[in-house]
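*Asks:* Numbering (my numbering), first residue to last: -3 to 278.
Using N, Cα and C, we set each Cβ at its ideal position, and we do this for glycine too.
Note that the coordinates shown come from a computational prediction; the quantities given were computed from them, not determined experimentally.
Pasting a structure below so you can have a look.
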C-alpha cells in the first residue's frame, strides 16, 4: 500500500470516475470527486469529499478547485481530468454552441483545472496530472468528431506540458482508454438534424450509432481503467502515455496503425463501423 494521496477527480458520479473513486478510497487515498449535482455523488465512501463542478461553466472552475484545495490543506498530490460525454451527429450539423460545449467539457475545462493546480504543485515541486483522453486520438470515431478532436487536443496538451515541466517534480500522464462497458453511449446526445441533412447521411449515421452501441455492450469491464489509474497514482505505472483496453484496441491496432498507410487505417475504420462507401466511377 502506497502513502495516501490527496486526489482531485472529475466525473466521479458514474462509470470510470465512480469506480476510480471507490478503488482509490478503498486503498486509503482521499478523493475530492466532482459532479454537476451534489446528489449524484456517492455518500457511502470513506475518505470521499464531494465537489460540485460544471466544466461547461468555465467561470466557476478555478474557484471550485481552489476551495477544494484549501479544504485539502493547500495542495493536491494528484489531479485526474476524467469527466466527459459525447455528442453524436455529422460534423456539418453541429452548431457553434454544440461544438463549444464539447470543447469546454473535454479540453478547456481540463485546461482550466491544470492551470489552477499548477501553482501549488510547482511550489511543492511535486504532483501528478492525469488527463483521460481516448484511443479516439488515434482512431477518430465517426459522427463524434468534436469528441475525437477534443481528445486528440487533450493528448497533445498533456504531452507538450509534460515536456515543458520536465525540469520539475510534476509528472503528466496521458491515459487513453478504448471501449469499455459504461453508460457513455446512453449519455451521448444526438444533435437535431434537418430532414435533408439526415437523409444525406443515411444509412451510415445509424450504422455507426448501432456499431458503437454494440461495441460498448461487448467491451471489457471498466474496472480495468480504474485499476490503471490507481496504478498511475501509486507510482507503479510511470509511462507518459498509457493505453487501456482489450488487446486488439490497446495493443495490436495502435501497432498496426504505425505501420500501415493512413488510407488503410481509414478503410479499416469504415469497415469496423459498417459504413458504406461510394463506388468508384467507371
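Thinking just about the alpha-carbon of each residue, which of 274, 179, 240, 170 is nearest to the one in residue 209?
*Replies:* Nearest option by C-alpha distance: 179.
*Asks:* Comparing C-alpha positions only, which one of 125, 131, 127, 166 sits nearest to residue 247?
*Replies:* Comparing Cα positions, the closest option is 131.
*Asks:* Label residue 160 either buried or exposed according to how many other C-beta atoms from any shown protein chain fall within 10 Å of its C-beta, with 16 as the threshold for buried.
*Replies:* Exposed, since its Cβ has fewer than 16 Cβ neighbours within 10 Å.
*Asks:* Residues bridged to residue 45 by DSSP?
*Replies:* In the DSSP output, where bridge partners are listed per residue, residue 45 has 28.
*Asks:* Do residue 79 and residue 7 have their C-beta atoms within less than 8 Å of each other?
*Replies:* Yes.
*Asks:* Here's the rule I'm using: 16 or more other beta-carbon atoms within 10 Å means buried, otherwise exposed. How should residue 218 be labelled?
*Replies:* Buried, by the Cβ-count rule.
*Asks:* By DSSP's criteria, residue 2 is part of a beta bridge. Which residues make up the other side?
*Replies:* Bridge partners of residue 2: 26.
*Asks:* Would you kindly report the start and end of the unbroken alpha helix (DSSP H) that includes residue 213?
*Replies:* Start and end: 200 to 213.
*Asks:* Please name the residue in 195, 121, 10, 187 whose C-alpha comes closest to that of residue 74.
*Replies:* The shortest C-alpha separation from residue 74 is found at 121.
*Asks:* In this structure, how does DSSP classify residue 16 when only helix, strand and coil are distinguished?
*Replies:* DSSP places residue 16 in helix when its eight states are reduced to three.
*Asks:* In the DSSP assignment, the alpha helix (DSSP H) including residue 123 goes from what residue to what residue?
*Replies:* Looking at the DSSP string, residue 123 is not in any alpha helix (DSSP H); the run it does join, the beta strand (DSSP E), is 123 to 128.
*Asks:* Taking C-beta to C-beta, are residue 166 and residue 125 nearer than 8 Å?
*Replies:* It is a contact, given that the beta carbons lie within the stated cut-off.
*Asks:* Checking the sheet assignment: what are the DSSP bridge partners for residue 76?
*Replies:* Bridge partners of residue 76: 5, 126.
*Asks:* So, with DSSP's three-state summary, where would you put residue 182?
*Replies:* DSSP places residue 182 in helix when its eight states are reduced to three.
*Asks:* According to DSSP, is residue 239 helix, strand or coil?
*Replies:* Residue 239: strand per DSSP, three-state reduction.
*Asks:* Where does residue 173 sit, in a helix, a strand or coil, going by DSSP?
*Replies:* The answer is strand: DSSP assigns residue 173 an E or B state.
*Asks:* Whole angstroms are fine: how far does the CA of residue 53 sit from the CA of residue 278?
*Replies:* The predicted model places residue 278 with a pLDDT of 49, which falls under 50 and marks its position as unreliable; any figure quoted below should be read in that light. Approximately 53 Å, taken between the alpha carbons.
*Asks:* Is the beta carbon of residue 61 sitting closer than 8 Å to the one on residue 4?
*Replies:* In this structure, residue 4 lies closer than 8 Å to residue 61 by Cβ.
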